[in-house]
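Visitor: Residue numbers (our numbering): 7 to 1202.
All C-beta atoms in this analysis are idealised placements derived from N, C-alpha and C, irrespective of residue type, glycine included.
I am attaching a structure below and will ask some questions about it afterwards.
Spelled out as structure tokens, the structure:
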């Protein structure tokens, strides 16, 4: 027996019993009797006295109550779904391959074999079937096992052997830490690289002989790319310091001299801006001063901020002429300092200028700047983002009006590379005029893998270089494969690239020849654009930078992500990767070669789940991958997460296309302390030391069933959104702001898929793996390459429906200007002929196609998310209620000629739907959802049969949020029966209009288990052995501090009498625990009825209860915070720096109890003594209720 969960249609309530009990299906569902379809609906006729009472209370106001149809016989009527049906069998017992995995963090060498075994066995017990191993630091004090030492290799081999013994699979991060790929074996030659420059201005007209300064250099590693010279634009000779502006700020006594002293070691400081109090720096000039650009140098790596550049004639009324946003990319050669940030400003001449800081990182107490320069120099808009010095979400176009005399003529750019010797000495017979000589090279960024344990930190590899990737793989992965022998590729079957957190890079030694090969021209002439200068014009400059970014992104996809996949598969393992983050790549393309593509989502921030996961799911769907995974349910929850709380986030992950969870996270626990080690503040604390770990099996089973169902067949979608041809750094955000009509689903696709995988069949856009779409939507914008446009021409000619704006030019400099002529000519033909067209809305397209929504909810305020897959003639919909309240509605599905069933992922049971309506090629089903409830609606092929088409509502008062309906119908042994919780007259209508009248004269009254309860507590956690509660209250409200601060599992004991009238033939009995914080195991008369982990906390107890005295045990489990807060009332027992543990206390390493009497210990402090306690235990009310089973005679 187990818990029951409400789920019903408007005409009733579906209640389900966990694991061993038959389930109560929703109302109106099809009930199959002796192989024939019996369609029923029914209504309750209220007693006259009830009507008089309600009439007196509410007059003529009517509330409609819908009743339920119950399938008492479990799988009654599913004879066509035999035990040989693999999907049915595997839904009941999901295969190991469909079960969740977890990330297993070894904390800075704190490892033991005993704990390895204990961890893995604990995972196996609750149903987890795989782990991914990380070795991290996260400021955890070092342990005795140094990374890469022989003891560490011994521990690693032992862990894999134990996993193999237990039937668990393992993966491994590809490097120490979690991001991204690097270690102590990487030299600067193979590290990440970035373009650096130095420049001098020299007077020409003869021999220029000078030593060019070497650009900023990190780790003594520098290589030249080229030296170029160009006539110096006149605006670049103007210095703001010559105008001697007065500098002031939003604070008094501001020291602004440091901002223009040319010394980056000096700084000026402001308070961080608040939401309602921005900070500013003001420059006042004696004469109007021309500004076209802003250059600023933050003083610290931590100084992230954003704001506006403003101008004013009078110092009172200011106008915004530009914006800025300082990202965290570093200044090469200056450890810890952010790079120069350059911004274009709308040309402005004024006496007053302000730099207004609106937002800043809240973790920093002040904002410090080393240098600021306002200049008439012409500047590329978003120069750092456009040249991939950083990744910028939305790149801005150039200002449309720019002075021609400030633009650098490419014909006047001279390549002087061969005029400079190895020592940087330049000898050049120069033309007359002022010349800017630009020395361009590259250095390492000096980014290290993080957060690596002691002995594991080193440079990150060059992500654009196959040679660097090979060096890294050989040094770590290949060595691990050798150490593990035959277990590599067997038990260890996956290598992971985690989310990318290393920042950008924009050079590699082979970039110049690769650029020429891919774009058809040399980039040397255009190198000045990498300093923010405009060459040839705004349009041509943006085109070159588009080509530059596209080349960098392609190299990273091919030489990092693709090549890692090649090496992994050649080695016998799969590549899992999370291809997103702050790097110079296109997310959709970077995921192409992963065997397991993964995203991430955090609890409880469900708003942030959608974009990332939809992008990941799109990669899986459009590149033919069965698995769309996620680093699932990470958080900063401070030990407050639990299955009921995590379920809505998990469900939203499922409805957004994810079908594989790597739960975040499980920290290795070698100290035998509770709750033990933590990954700093991060993660949902899914480790064996959590209070509810041993009770989590039911939730893990739920996740496994959902994952298995959502891996079946193919995703069903109507819309294919084309994300464009650029590097699309903001694909995820773009996807979620699409004009998507309600009830239709979509994927997002890149140019690689469109050009190489997309075809048309029977009017649908199809992919080689079977995915298909009805409509392709082009992105906003006016650019498209000729190659892509020709592909669209091919698709449109084959019958594809494509909508979107007409392109006007190519985004690339390749083939310019002829490429624009091709685009204009071909686009003119396609759009004028109507083969591709612009539309005001997609609803207009679907209406013209007579394509109704795939999914439609009657309740307009419903927050019901969904996904749809199709396999073997079945249509599988997963629905999840996103609100913490009961939802009762009708749902219409774009399915016809099939029989609907409810598949319950909590129990593995399958329930036939008793009533539905076929309307215009779709099926409408009334459904009811618990707060945050979910279900699968599965439509299976079946012969067309006559069935009911309407559900009747009648007068009455109901409580739709109640745990129990008035009544429900079901079938037992081929006979229709009514289960009623409320007395009254009921009418059941059979097929053909026959009506059967049933009278339920009496239902036993509910039994309220009020009064005192005896509780027992486990030892060594501060609580008394026993306590008596005179009534049910939260443990946190108890007067005894041991109970008040208790965390763990305490058992309620109560003896209660059940009158004979509640039992006997034709009756069922249920136990309702009311409110529980957070979960409870139930035993009645010693019979284990399972663990209840989500609302409603109800279980059928018919087979366990007896007449007379009964013994009830409720093992209630709460969360760790209460005991942690209780311990904060006691003196400190560990050396800490704020939340961090500075070193291991001797009493911990010696295995002794806390010297100050604390009961908990963790490597991160989560609470203060004044923090609020959490409600805990069984809060009730606890009731026992009976229902009456009444045979329903054949209708007349």
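Is the separation between the beta-carbon of residue 288 and that of residue 357 shorter than 8 Å?
Guide: In the chain shown, counting from the first residue as 1, residue 288 sits at position 282. In the chain shown, counting from the first residue as 1, residue 357 sits at position 351. It is not a contact, given that the beta carbons lie outside the stated cut-off.
Visitor: Please report the straight-line C-alpha distance between residue 171 and residue 486, rounded to a whole angstrom.
Guide: In the chain shown, the residue the question calls residue 171 occupies position 165. In the chain shown, the residue the question calls residue 486 occupies position 480. The alpha-carbon atoms of residue 171 and residue 486 are separated by roughly 19 Å.
Visitor: Is the beta carbon of residue 540 closer than 8 Å to that of residue 413?
Guide: Position 407 of the chain shown, counted from the start, is the residue given in the question as residue 413. Position 534 of the chain shown, counted from the start, is the residue given in the question as residue 540. Taking 8 Å as the Cβ cut-off, residue 413 and residue 540 qualify as a contacting pair.
Visitor: Measuring alpha carbon to alpha carbon, tell me which of 521, 1192, 1003, 689 ends up nearest residue 2.
Guide: Outside the modelled stretch of the chain, which goes from 7 to 1202, sits residue 2, for which no answer is possible.
Visitor: Among 1145, 1052, 521, which has the Cα closest to the Cα of residue 819?
Guide: Working through the chain shown from its first residue, we reach residue 819 at position 813. Of the listed residues, the one whose Cα sits closest to residue 819 is 521.
Visitor: Taking the C-alpha atoms as reference points, what is the distance between residue 162 and residue 455?
Guide: For the purposes of this step, residue 162 is taken as the residue at position 156 of the chain shown. For the purposes of this step, residue 455 is taken as the residue at position 449 of the chain shown. Distance between the alpha carbons of residue 162 and residue 455: 20 Å.
Visitor: With DSSP as the reference, identify every bridge partner of residue 880, one or two as the case may be.
Guide: For the purposes of this step, residue 880 is taken as the residue at position 874 of the chain shown. 877.
Visitor: Could you pull out every residue in the same chain whose Cβ sits closer than 7 Å to the Cβ of residue 804, ignoring the five residues on either side in sequence?
Guide: In the chain shown, the residue the question calls residue 804 occupies position 798. The answer, listed in chain order, is 766.
Visitor: Please report the straight-line C-alpha distance between residue 1118 and residue 1111, rounded to a whole angstrom.
Guide: Here residue 1118 corresponds to residue number 1112 of the chain shown, with the count starting at 1. Here residue 1111 corresponds to residue number 1105 of the chain shown, with the count starting at 1. Distance between the alpha carbons of residue 1118 and residue 1111: 9 Å.
Visitor: In this structure, does DSSP put residue 488 in helix, strand or coil?
Guide: By 1-based counting over the chain shown, the position of residue 488 is 482. Residue 488 falls in the helix class under three-state DSSP.
Visitor: Looking only at its chain, what residues have a beta carbon closer than 7 Å to the beta carbon of residue 209, apart from the 5 residues adjacent to it on each side?
Guide: Taking the chain shown and counting its residues from 1, the one referred to as residue 209 is at position 203. Once the five neighbours on either side are set aside, the close Cβ partners of residue 209 are 440.
Visitor: Return the CA-CA distance between residue 651 and residue 190, expressed in angstroms with no decimal places.
Guide: As a first step, residue 651 must be located in the chain shown, where it is residue number 645. As a first step, residue 190 must be located in the chain shown, where it is residue number 184. So the alpha carbons of these two residues sit roughly 41 Å apart.
Visitor: Can you tell me whether residue 684 is helix, strand or coil according to DSSP?
Guide: Here residue 684 refers to the residue found at position 678 of the chain shown. It is coil, neither helix nor strand.
Visitor: Taking the beta strand (DSSP E) that residue 707 falls in, what are its first and last residues?
Guide: Taking the chain shown and counting its residues from 1, one reaches residue 707 at position 701. Careful: residue 707 lies outside any beta strand (DSSP E), inside the alpha helix (DSSP H) at 703 to 715.
Visitor: Assign residue 511 to buried or exposed, taking buried as 16 or more other Cβ atoms, counted over all protein chains shown, within 10 Å of its Cβ.
Guide: Along the chain shown, one-based indexing puts residue 511 at 505. When all chains shown are included, residue 511 counts as buried.
Visitor: On a Cα-Cα basis, can you pick out the residue from 96, 349, 187, 316 that is closest to residue 453?
Guide: Locating residue 453 in the chain shown gives position 447, counting from the first residue. When only C-alpha atoms are compared, the closest one is 187.
Visitor: What residue ranges within the region 990 to 1068 form continuous beta strand (DSSP E) runs of no fewer than 3 residues, ordered along the chain?
Guide: Runs found: 990 to 995, 1001 to 1006, 1019 to 1022, 1032 to 1035, 1055 to 1064.
Visitor: Start and end of the beta strand (DSSP E) containing residue 1087?
Guide: Residue mapping note: residue 1087 aligns to position 1081 of the chain shown, counting from 1. Segment 1085 to 1090, the beta strand (DSSP E) holding residue 1087.
Visitor: For residue 917, tell me which candidate among 943, 228, 255 has the shortest Cα-Cα distance.
Guide: To locate residue 917, count along the chain shown from 1; it is residue 911. Closest option to residue 917, Cα to Cα, is 943.
Visitor: Answer with buried or exposed for residue 469, where buried requires no fewer than 16 other C-beta atoms within 10 angstroms of its C-beta.
Guide: Along the chain shown, one-based indexing puts residue 469 at 463. That one is buried.
Visitor: Beta-carbon separation of residue 384 and residue 300 under 8 Å?
Guide: Mapped onto the chain shown, residue 384 falls at position 378. Mapped onto the chain shown, residue 300 falls at position 294. Cβ atoms of residue 384 and residue 300: not closer than 8 Å.
Visitor: Measure the alpha-carbon distance for residue 838 versus residue 913 and round it to whole angstroms.
Guide: The residue labelled residue 838 in the question sits at position 832 within the chain shown. The residue labelled residue 913 in the question sits at position 907 within the chain shown. Straight-line Cα distance between these residues: approximately 57 Å.
Visitor: By the DSSP assignment, the beta strand (DSSP E) with residue 1111 in it spans what residues?
Guide: Sequence index remark: in the chain shown, residue 1111 carries index 1105 (1-based). Careful: residue 1111 lies outside any beta strand (DSSP E) and carries neither H nor E.
Visitor: If you measure between the beta carbons of residue 1013 and residue 1090, is that distance less than 8 Å?
Guide: Translated into positions along the chain shown, residue 1013 becomes position 1007. Translated into positions along the chain shown, residue 1090 becomes position 1084. No, these two residues do not count as a Cβ contact at 8 Å.
Visitor: Does the contact criterion of 3 or more C-beta pairs under 8 Å hold for the region 858 to 867 versus the region 882 to 902?
Guide: Flag = yes, the region 858 to 867 and the region 882 to 902 touch.
Visitor: Mind checking who residue 898 pairs with in its DSSP beta bridge?
Guide: Along the chain shown, one-based indexing puts residue 898 at 892. In the DSSP output, where bridge partners are listed per residue, residue 898 has 862, 930.
Visitor: According to DSSP, what are the bridge partners of residue 355?
Guide: The residue given as residue 355 occupies position 349 in the chain shown. According to DSSP, residue 355 bridges with 296.
Visitor: Could you please give me the residues that DSSP links to residue 116 through a beta bridge?
Guide: In the chain shown, residue 116 corresponds to position 110, counting from 1. Residue 116 is bridged to 113.
Visitor: Leaving out the 5 sequence neighbours to the left and right, which residues in its chain are closer than 7 Å to residue 1005 when beta-carbon positions are compared?
Guide: Residue mapping note: residue 1005 aligns to position 999 of the chain shown, counting from 1. Result list for residue 1005: 991, in chain order.
Visitor: Could you name the residues that DSSP lists as bridge partners for residue 433?
Guide: Stepping through the chain shown from its first residue, residue 433 is reached at position 427. Residue 433 is bridged to 215.
Visitor: Let's see if you can read the secondary structure: which residues bound the alpha helix (DSSP H) around residue 176?
Guide: Residue mapping note: residue 176 aligns to position 170 of the chain shown, counting from 1. Element bounds for residue 176: not the alpha helix (DSSP H) but the beta strand (DSSP E), 175 to 179.
Visitor: For residue 203, which of helix, strand or coil comes out of DSSP?
Guide: Mapped onto the chain shown, residue 203 falls at position 197. It is a strand residue.
Visitor: Tell me, please, which residues DSSP counts as bridged to residue 349.
Guide: Indexing the chain shown from 1 puts residue 349 at position 343. Beta-bridge pairing links residue 349 to 300.
Visitor: The alpha helix (DSSP H) with residue 851 in it runs from where to where?
Guide: For the purposes of this step, residue 851 is taken as residue 845 along the chain shown, with counting starting at 1. Start and end: 848 to 855.
Visitor: Relative to the C-alpha of residue 1141, which residue among 1167, 236, 1123 is closest?
Guide: Taking the first residue of the chain shown as 1, we reach residue 1141 at position 1135. The shortest C-alpha separation from residue 1141 is found at 1167.
Visitor: Using 8 Å as the threshold, is the C-beta distance between residue 823 and residue 731 below it?
Guide: Within the chain shown, the letter at position 817 stands for residue 823. Within the chain shown, the letter at position 725 stands for residue 731. The answer is no: Cβ separation not under 8 Å.
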